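The listed protein sequences correspond, in order, to chains X and S.
If you read the first sequence in the working numbering, its first letter stands for residue 1, the second for the next number, and so on.
If you read the second sequence in the working numbering, its first letter stands for residue 1001, the second for the next number, and so on.
All residues carry an ideal CB built from backbone N, CA and C; glycine is no exception.
All values derive from a computational prediction rather than experimental measurement.
To start, the structure itself, in structure tokens.
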Amino acid sequence: MTQGKLNAVGQSIKRRDGLGHVTGKTVYVDDVKFRDMLHLKMVRSPVPHARIKGIDFSEAEKVPGFVRALTHEDVPKNTYTILCLIGVGPDEEPVLAEDEVRYKGEQIAAIIAETEEAAMEAVGKVKLDLEELPAVFDVEEALKPGAPILKHWGTNYFVYEGHHCRRVRYGDVEKGFAEADFIVEERYQTSPIEHAPTETTGCVVKPEADGRYTVYTNTQALFFTLDNAALILEVPFNKLHLVGGTVGGGFGGKVDVIVEPITILAAMKTGRPVRYVFMRDEEMRVSSTRGAWRMYYKDGVMKDGRIVARQVTTYADAGAYNRHTPYAVTKHAANAAGPYNIPNVSIDAHCVYTNRQPGSAMRGFAVTPASFALEVQMDKIAETIGMDPWEIRFINAYRNGDMKPHRKVVEDATLIETMQAAAEMVGTELPERLKAMHSNDREGGNHG
Amino acid sequence: MAKLRGTGMAAVNYPTGMNLGGDPSQALIHATTTGTFVISLSSTDLGQGLKTVIAQIGADALGVPVENVMIDTADTDTGPHCMGTFASRATHRVGNAVVMAAQEARKVLLEVAADELEVSPEDLETDGQGNILVKGAPSRSIGLVDTALAAHFKYAKTISGRGMFMKPKSDVDPETGAMDPDSTEAHACTVAEVEVDTETGEVKVLSIKSAYEIGRQVNPALVKGQIEGGSVMGMSHALLETTAPYYPAIDHSPGGFSDYLIPGSADIPEIESVVLEYPSSTGPFGVKGIGEMTANSPIPAIVNAINNAIGVRITELPVTPEKILRALEMKDKE
């Protein structure tokens, strides 16, 4: 490091934007206004799964202030997948639905109008001719024969290099189960959750005189949004200029690229600034949630508390489209065995599609559900073998130099020290043996 | 019917950063004519205080007062690439990029000061107060303003630096799952205390007490902000929140805060924390990420505390009064 002595790092200096936030002076996307700005609202699917047979805009067009509608035919590259930039494919989500809708609330057509009220009124007057199709909502039902298939490649799961799930294989779990004194099994289920930011997702796009488009956005990732938008719109990347950096709460909900491409397109087609900001109802019912997870844990445990085998089978409910779930499942697989040293581990983590509003990134991204299941499971193991919940965790805690199931050597482990500090804080008197443990070796009696 | 109390604990790790296709961020630093250092980024501040902590890291890496550091973000025309603010990555990734850029800028700063003071750059040090001093002879010094003016108008030098940090791509072995998906691991251990009303099924969280190990705290007040916000979010996930109350059915999905429950001020329990610092070899000044994991450990700690209070282990979130009452009914029948 450049400087031995730290002057600023470690100090609770006052945050620079705090005063602006609490006095209402910070400029957020919704504060960006232009005199001739238009408003965009979305025609959405009222049902979770249907074939689109027709869209009738004739009554909507009569609403005073109606400017124009956009359908999938207006979007240059309508089908995309957000993670295409890092090689995830195939493309599978439409910007605007084409012949089918796969979740309730899916975007079908954009209405652009002079005022927000006119846009909403016109949206209400668009007539949809839909033929409802059977829908599937449960991740395990979606994998059974006969379930309605949602993906053009013929399955309701993401394919990981030829496998139906992300696999981790370490040691031999069956051998571990055969040796074990106890088998502890449980099913865990989390719920889809809304990010609930104070500021809803949105953007304002302004066409500039030089032919470029300035996009005022509350995305959490500016270039990620720019690149995806340029690919969808088939415009040179430098036609787009994104301005952001101040977000009223993200929590992962503003990593998807939903509002910007269609709003840029609306600005291109009309030559005027366009605003598209989610209503609270859209933020909750339509935009991505934290995906729900179903997780089955099966552990082989010895009488002395050592976990000798862990088998994990989990299903991420991606909803109708990929968004970030294929990567979430990989991150989950790397963390599903927990911060414990277990010699035999097998993990099958599935990314499953259902007729639900998509799940995607959220704070804790696929590790949160694993931590929930793991740590409730650890208590269940402790109870099953008659051991203290602290002790079961100390005995199995990973140490520096251990090998994780995904074959990464453990570095920077401090689980033991963190548990010791927590115990001290709440006045739990740990046995001397646990107090003497540390993360740099296996002194203190646990297995190696 | 009674109000029963219980405690539960949970211990977790949390990985810093992503790497699916490589995980880069960049920073550019330049000095103005009068010695203000502008750090140009395209990184987003989600309200967690990124702009503030990056200024702190930049100040110490440059060896200048934090008041002399300005953060210019986030504009894709002027800011170099940043992958984004997520995955507990920003302080670690952007901080590393800023340290690298600061080292290059500091080198020029010291060269110009050395010319002005007629010494060698190796003989100089900064005091972090805006002065560049000759080691062992602090009376011989030059301020940042004079150094920057000299660079611009006398030596035609740009006091600037380029910084880049990237966690390289790690392909996952499809058979074994072998991969290198993160840069370091932070840790948390939470002890929660709850009171369960066996008549109504309601759970009141009395306290959430946690220890964290995050490498190094750049700004302890902002770390505390993450801890308190995350503790409440975790509690809320454990007990209240769902967009599908009858999951997997999609019926009755809430559309606003009148029917999507999150805690109000009166629901916030006693929150206590202690932060340990075991510096990581990969982060700027040893930093690990804390952003996400503060919401993780409270969830199982609360679920375990409920079991400790009433002897039923709920395995589905959120733990609603209905689930508590049904579980108690099942237990009574057994």
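Check, Outcome
"Quick check on P1263(S) - is its C-beta less than 7 Å from some C-beta in chain X?", "no"
"For D1130(S) and chain X, any beta-carbon pair shorter than 7 Å?", "It should be pointed out that residue 1130(S) corresponds to Gly in this sequence rather than to Asp. It does not; no Cβ of chain X falls within 7 Å."
"Would a check of beta-carbon distances place Y327(X) closer than 7 Å to chain S?", "yes"
"Quick check: is the beta carbon of Q216(X) nearer than 7 Å to any beta carbon in chain S?", "Per the sequence shown, residue 216(X) should be read as Tyr rather than Gln. Not an interface residue."
"For K1051(S), which residues of its own chain have a beta-carbon under 8 Å away from its beta-carbon, when the five flanking residues on both sides are left out?", "D1045, I1071, T1073"
"DSSP on F1165(S), reduced to helix/strand/coil?", "strand"
"Out of C84(X), K239(X), I55(X), V63(X), state which residue places its alpha-carbon closest to the alpha-carbon of L70(X).", "I55(X)"
"Kindly indicate which residue of L1149(S), E1125(S), V1194(S), G1017(S) has the alpha-carbon position closest to the one of A1309(S).", "V1194(S)"
"Hey, K452(X) and N344(X) are a contact pair by Cβ (cut 8 Å); roughly how many whole angstroms apart?", "Residue 452(X) lies beyond the residue range present for chain X, which begins at 1 and ends at 448; the question has no answer from this structure."
"So that I know if they touch, is there some Cβ in chain X lying closer than 7 Å to that of H1092(S)?", "no"
"With 16 other CB atoms within 10 Å as the buried threshold, where does V1303(S) fall?", "buried"
"For L265(X), count neighbouring C-beta atoms within 10 Å of its own C-beta (all shown protein chains included) and say buried if the count is 16 or more, exposed if not.", "buried"
"So which residues of chain X does I1057(S) contact, with C-beta pairs closer than 9 Å?", "A8, V9"
"Check each residue of the region 98-109 of chain X: if its Cβ is closer than 8 Å to any Cβ of chain S, include it; give the result in chain order.", "K104"
"Measuring alpha carbon to alpha carbon, tell me which residue in K1003(S), L1028(S), I1299(S) is nearest K1209(S).", "I1299(S)"
"In the DSSP output, which residue or residues are listed as bridge partners for F66(X)?", "A113(X)"
"Let me see if you follow: with CB-CB separation under 7 Å, is Y188(X) close to chain S or not?", "yes"
"Once you ignore the five residues that flank P339(X) on each side, which residues in its own chain have a CB closer than 8 Å to its CB?", "A397, Y398, A413, L415"
"Pull up the CB-CB distance for F137(X) and P1248(S), whole angstroms please, since I reckon it's below 8 Å.", "4 Å"
"Quick one: what does DSSP say A1068(S) is sitting in, helix, strand or coil?", "The sequence given here has Asn at residue 1068(S), not Ala. The answer is helix: DSSP assigns N1068(S) an H, G or I state."
"What does the alpha-carbon distance come out to for the pair G448(X) and I342(X)?", "For G448(X), the predicted model reports a pLDDT of 38, less than 50, meaning its position is unreliable; a value from the coordinates is still stated below. Spanning the two alpha carbons is a distance of roughly 10 Å."
"Give a yes or no on whether 7 Å exceeds the smallest Cβ distance from H332(X) to chain S.", "no"
"By Cβ distance, which residues of its chain are closer than 6 Å to T384(X), with the 5 residues on each side in sequence left out?", "F182, V184"
"At 7 Å on the CB atoms, spell out the chain X contacts of A1081(S), in chain order.", "Note that residue 1081(S) is His in the sequence shown, not Ala. Neighbours of H1081(S) on chain X, chain order: F223."
"Assuming V1108(S) and I1159(S) make a contact with CB atoms under 8 Å, what is their CB distance in whole Å?", "5 Å"
"Using a Cβ-Cβ cut-off of 7 Å (strictly less than) and excluding sequence neighbours within five positions of D227(X), which residues of its own chain qualify?", "L85, F237"
"Going by beta carbon distance, what residues of the same chain come within less than 7 Å of N335(X), once the five residues before and after it are set aside?", "V367, A370"
"How would you call M1009(S), buried or exposed, if buried means at least 16 neighbouring beta carbons within 10 angstroms?", "buried"
"Can you tell me which of L96(X), L374(X), M403(X), G401(X) puts its alpha carbon nearest to the alpha carbon of P449(X)?", "Past the edges of chain X, shown from 1 to 448, lies residue 449(X), and the structure says nothing about it."
"Are the C-beta atoms of A1309(S) and some chain X residue less than 7 Å apart?", "no"
"What residues of chain X sit near R985(S), judged by a beta carbon separation below 9 Å?", "As displayed, chain S neither begins before 1001 nor continues past 1334, which places residue 985(S) out of reach and without an answer."
"By Cβ distance below 7 Å, which residues in the same chain neighbour R169(X) in space, the five residues on each side in sequence not counted?", "S346"
"Is there contact here, the region 98-106 of chain X with the region 24-37 of chain X, by at least three beta-carbon pairs under 8 Å?", "no"
"Could you check whether G250(X) and Q220(X) sit closer than 7 Å to each other, using their CB atoms as the reference points?", "yes"
"In terms of residue numbering, what span does the alpha helix (DSSP H) encompassing S1183(S) cover?", "Careful: S1183(S) lies outside any alpha helix (DSSP H) and carries neither H nor E."
"Looking at the secondary structure, which residues open and close the beta strand (DSSP E) in which F394(X) lies?", "Segment 389-396 is the alpha helix (DSSP H) holding F394(X); no beta strand (DSSP E) there."
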